[in-house]
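Peer 1:
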Amino acid sequence: MTQEEIIKEYFITHPNKDIAHPEVVDWVTEEYKKRTGSVLRDPDRAIRKMAQSGFLIKVAKGVYRYDPDHVVKRDLEDFTEAQKEEIKKRDGYKCVICGLGPANGVEIQVDHVRPKDLGGRAEIDNGQTLCAKHNFRKKNYGQTEMSKKMFVNMYSSAKKIGDTETLDFCAEILSVYEKRHIDDHIIWKK
């Protein structure tokens, strides 16, 4: 039995009911241990993934519903291991927000700038490294990453194709980051 199977079982036996995370997590954690003798790993993430894939409907923060008439299959793109490594290398193996990484004892994760469930593709330019803390905040506060790194990447892309209007726009914003010493660990190559 997989983690996904037991979570699906719970929702399928409670169709069209708005269910908060704690109710699901408590039941599936206990039931999984009874059936397998193993500990369930990160059921919260599995539930969010089911909503992203279209199996569940996200009703509110931490509240989901299974509606058998509205299950959709979304093709969500995950980064390959090679893409993840390229993104980590590009970002210096550090969180693009706080600048911390494995050298500081901080785990970094590869994140979609534009989330998968909003159509974000598994492309290098749509990837960034975040520490677990900032990845959690982004997911739970519904933020789209608007850090200096995003403008640095946009500047670089505009430079490659000769888009002077976007270059000027990004340069103006990046100069404010520099003036205010925000995210100074992220280097902007003019």
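If you're matching positions, the sequence shown starts at 20 in our numbering and goes up one per residue.
Beta carbons: idealized from backbone N, C-alpha and C, even for Gly.
If you draw a straight line from the alpha carbon of Glu-197 to that of Lys-108, how long is it in whole angstroms?
Peer 2: The sequence position of residue 197 within the sequence shown is 178, counting from 1. The sequence position of residue 108 within the sequence shown is 89, counting from 1. Approximately 23 Å, taken between the alpha carbons.
Peer 1: Which value, in whole angstroms, describes the spacing of the CA atoms of Val-195 and Met-169?
Peer 2: Taking the first residue of the sequence shown as 1, we reach residue 195 at position 176. Taking the first residue of the sequence shown as 1, we reach residue 169 at position 150. Approximately 14 Å, taken between the alpha carbons.
Peer 1: Beta carbon of Gly-146, beta carbon of Lys-103: below 9 Å?
Peer 2: Position 127 of the sequence shown, counted from the first residue, corresponds to residue 146. Position 84 of the sequence shown, counted from the first residue, corresponds to residue 103. Cβ atoms of Gly-146 and Lys-103: closer than 9 Å.
Peer 1: Please list, in chain order, all residues of the same chain as Gly-161 whose beta carbon is under 6 Å from its beta carbon, the five residues on each side excluded.
Peer 2: Looking up residue 161 in the sequence shown gives position 142. Confidence at Gly-161 is low in this model, with a pLDDT of 48, below 50, so its placement is unreliable and no value can be given for it.
Peer 1: The beta strand (DSSP E) spanning Leu-149 covers which residue range?
Peer 2: Working through the sequence shown from its first residue, we reach residue 149 at position 130. Note, Leu-149: beta strand (DSSP E), 146 to 150.
Peer 1: From the DSSP output, in three-state form, read off Val-195 for me.
Peer 2: Taking the first residue of the sequence shown as 1, we reach residue 195 at position 176. Here Val-195 sits in helix by DSSP.
Peer 1: Going by the DSSP bridge assignment, what does Tyr-51 pair with across the sheet?
Peer 2: One-based indexing of the sequence shown puts residue 51 at position 32. Beta-bridge pairing links Tyr-51 to no other residue.
Peer 1: Can you give the Cα-Cα distance for His-33 and Gln-22, rounded to whole angstroms?
Peer 2: For this step, residue 33 is matched to residue 14 along the sequence shown. For this step, residue 22 is matched to residue 3 along the sequence shown. Rounded to the nearest angstrom, the two C-alpha atoms are 17 Å apart.
Peer 1: Please list the terminal residues of the continuous alpha helix (DSSP H) segment that includes Asp-97.
Peer 2: Position 78 of the sequence shown, counted from the start, is the residue given in the question as residue 97. Here Asp-97 belongs to no alpha helix (DSSP H), and DSSP marks it neither H nor E.
Peer 1: Within the same chain, show all residues whose beta-carbon is closer than 6 Å to that of Leu-149, passing over the 5 residues directly before and after it, in chain order.
Peer 2: Mapped onto the sequence shown, residue 149 falls at position 130. Once the five neighbours on either side are set aside, the close Cβ partners of Leu-149 are Cys-114, Gln-128, Asp-130.
Peer 1: With DSSP collapsed to three states, give me the class of Asp-130.
Peer 2: Residue 130 sits at position 111 when you count from the first residue of the sequence shown. In this structure, Asp-130 counts as strand in the three-state DSSP scheme.
Peer 1: For Lys-107, which three-state DSSP category applies?
Peer 2: One-based indexing of the sequence shown puts residue 107 at position 88. It is helical.
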